[in-house]
Amino acid sequence: MNIEDINEELKCSVMEFINAPIGHTNFATESHSQAYYTSRLLDLTSKKLNEILESQVISV
């Protein structure tokens with residue numbers, strides 16, 4: 002296999018990816034009700050979370 006063959010195969014793969022149908026656009030964006038419940042229980046604001054992370058970095 003030479004460079005021209007690899008380039009052509011890569012070009013075909015890229016074009017196949019670009020032209021692929023967009024069928025399942027929401028598979029990674031679905032949320033779970035338990036996630037909302039848990040996040041509310043933790044009540045982590047960005048300030049609190051930063052404090053926790055900074056204290057762990059210092060103690061390591």
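Sequential numbering of the sequence shown, starting at 2, is according to our numbering.
The beta-carbon is built from N, C-alpha and C at its ideal position, and this holds for glycine as well.
Keep in mind it's a predicted model, so treat the numbers as computed, not measured.
- Here DSSP, grouped into helix, strand and coil, assigns asparagine 3 to coil.
- DSSP places isoleucine 23 outside both helix and strand once states are collapsed to three, so it counts as coil.
- For the pair isoleucine 4 and histidine 33, the Cα-to-Cα distance works out to about 47 Å.
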